[in-house]
Structure formats: C-alpha cells, structure tokens
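The listed protein sequences correspond, in order, to chains Z and S.
First residue of the first sequence: 30, per the working numbering; consecutive thereafter.
First residue of the second sequence: 75, per the working numbering; consecutive thereafter.
Working notes, beginning with the structure itself.
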Amino acid sequence: DVKVTQSSRYLVKRTGEKVFLECVQDMDHENMFWYRQDPGLGLRLIYFSYDVKMKEKGDIPEGYSVSREKKERFSLILESASTNQTSMYLCASSSLLAAHYEQYFGPGTRLTVT
Amino acid sequence: GQQLNQSPQSMFIQEGEDVSMNCTSSSIFNTWLWYKQDPGEGPVLLIALYKAGELTSNGRLTAQFGITRKDSFLNISASIPSDVGIYFCAGQRLRAGNNRKLIWGLGTSLAVNP
Numbered sequence: 030d031v032k033v034t035q036s037s038r039y040l041v042k043r044t045g046e047k048v049f050l051e052c053v054q055d056m057d058h059e060n061m062f063w064y065r066q067d068p069g070l071g072l073r074l075i076y077f078s079y080d081v082k083m084k085e086k087g088d089i090p091e092g093y094s095v096s097r098e099k100k101e102r103f104s105l106i107l108e109s110a111s112t113n114q115t116s117m118y119l120c121a122s123s124s125l126l127a128a129h130y131e132q133y134f135g136p137g138t139r140l141t142v143t
Numbered sequence: 075g076q077q078l079n080q081s082p083q084s085m086f087i088q089e090g091e092d093v094s095m096n097c098t099s100s101s102i103f104n105t106w107l108w109y110k111q112d113p114g115e116g117p118v119l120l121i122a123l124y125k126a127g128e129l130t131s132n133g134r135l136t137a138q139f140g141i142t143r144k145d146s147f148l149n150i151s152a153s154i155p156s157d158v159g160i161y162f163c164a165g166q167r168l169r170a171g172n173n174r175k176l177i178w179g180l181g182t183s184l185a186v187n188p
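See the structure below:
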C-alpha cells in the first residue's frame with residue numbers, strides 16, 4: 030500500500046513565524062502535491078513537483094514556497110505565516126505511469142495561525 | 075482553477091437508503107476518480123475509471139464513467155453510519171497541457187441517520 034506521511038497532525042503557530050510542513054511518501058512516486066482545504070472551497074492546489082528540485086505553481090501559490098531535495102520528500106514553507114493561512118494542509122503523491130493519475134493522500138496537517 | 079460541478083452539495087439520509095451523486099464538466103475527461111474523506115483525515119481513493127461507459131464496483135459502491143466523457147456518477151447502496159464523510163470526484167482532462175494535475179469537485183457531504 031502507498032503510504033504518505035505528514036510531519037504533524039496539528040500545528041499552532043504565531044503570525045509572522047516561518048512554518049515548515051513535511052511530507053514523505055514510500056512508493057517512489059515522481060509526483061508530489063500540496064493542497065489546502067477550507068470549508069466550502071474543496072481542495073485547492075498550492076504547488077506540485079514532478080521531479081527532484083522541480084516545482085510548479087498550482088492555483089494558489091501566493092504566500093507559500095516548496096522544496097524537493099529528495100524524491101520521497103516534499104516540503105511546504107510558509108515564509109511568514111498569516112491568519113488567513115489557517116487551514117487543513119494535505120500532501121499527495123502519484124506515479125507517472127501511463128494512465129495512473131491516482132493521487133494518494135497523507136492524513137493532513139491542521140494548521141492554526143494566531 | 076477549473077472545478078468540476080459536483081452535486082448534491084450535501085445529503086442527509088436514513089440508514090439503509092441508497093445514495094447517488096454526480097460530477098459534470100464542460101470538458102472531456104479521460105479519467106474519473108472518486109474519493110472519500112473521513113472527518114479529520116486525508117481523502118482515500120474509492121474507485122478509478124478510465125473508459126467511457128465503464129461501470130466499476132467496490133463493495134456497496136458503484137461508479138460509472140459517462141458515455142459523453144463529461145460526467146461520472148457514484149452510487150452507494152444500503153448506506154450505513156460509517157459511510158458518513160465527504161465524497162470528492164476528481165478528473166484528468168483529455169489533452170490537458172499538464173497531465174499531472176487533477177481537477178476536483180467541491181465535494182458531497184453525506185450524513186447518515188442510524
């Protein structure tokens with residue numbers, strides 16, 4: 030089974046702090062994704078990566094950056110956390126194999142910025 | 075970003091009832107995926123569909139890839155309390171410029187009264 034783990038289930042940070050959210054997958058997947066989920070807004074893509082050191086902006090990249098130094102690890106960085114970044118953050122991974130677009134998710138990190 | 079039209083937005087049903095939900099798009103898709111998200115957890119893949127007209131079952135769940143390639147349906151038969159959660163559809167567009175991203179519906183929130 031695909032396993033995607035996220036470093037924290039719950040996180041509370043103060044406005045202006047730098048925040049790191051870590052995601053690790055164990056299936057040698059090429060693609061990794063960061064989403065945020067807010068009530069009524071569904072899953073919105075922040076950034077994704079299709080290879081080590083490669084990244085592409087999603088639909089809402091503002092205020093976020095990412096890092097992928099190793100294939101299995103994808104980090105989301107909030108350079109200066111703000112209260113409007115309070116949300117549920119979900120990491121996912123997928124394979125590049127033909128017709129395999131299925132994404133597998135971690136348990137999520139609920140971030141509160143005070 | 076583009077979103078799928080998923081309906082209904084929410085459902086409140088009695089245990090034992092059947093449930094139907096659907097997703098539609100103005101674009102042609104070559105993959106439809108259905109996920110379930112339990113409260114406080116990440117989405118879990120339920121069913122993947124790859125061919126127009128395909129009908130696939132997973133226990134009490136049945137999903138279909140619409141003939142027009144612009145819609146998909148998910149049915150749950152004889153609902154039970156553990157069916158509670160949010161159900162998401164997701165799709166991969168045909169001839170998408172970037173085939174790594176999925177397009178998501180906003181979810182159907184299901185509540186089951188025992």
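Even glycine gets a Cβ: it sits at the ideal position worked out from N, Cα and C.
For Y76(Z), the uninterrupted beta strand (DSSP E) segment begins and ends at 71 to 80. S94(Z) and F49(Z) have their C-alpha atoms some 10 Å from each other. DSSP places S94(S) within a strand segment (E or B) once states are collapsed to three.
If you compare the alpha carbons of I87(S), K125(S), S84(S), W106(S) with that of I177(S), the shortest gap goes to W106(S). In terms of beta-carbon proximity, G181(S) lines the interface with chain Z, with at least one pair separated by less than 7 Å. Neighbourhood of P136(Z) in chain S, by CB distance below 7 Å: E115, G116, in chain order. Residue range 135 to 139 is occupied by the beta strand (DSSP E) that includes T136(S).
Here the alpha carbon of L148(S) sits roughly 12 Å from the alpha carbon of E128(S). For E131(Z), the nearest beta carbon of chain S is closer than 7 Å to its own beta carbon. According to the DSSP secondary-structure assignment, N79(S) is paired through a beta bridge with T98(S). Under the criterion of beta carbons closer than 8 Å, G159(S) and F134(Z) do not qualify as touching, at roughly 13 Å. One thing to note: E59(Z) has its Cβ no nearer than 7 Å to the Cβ of S104(Z). Here Y39(Z) is exposed. Its C-beta has fewer than 16 other C-beta atoms within 10 Å.
Cβ neighbours of Q76(S) within its own chain (closer than 6 Å, five residues either side excluded): I177.
At a C-beta separation below 8 Å, G71(Z) has these neighbours in chain S: Q77, F162, W178, G179, L180, G181.
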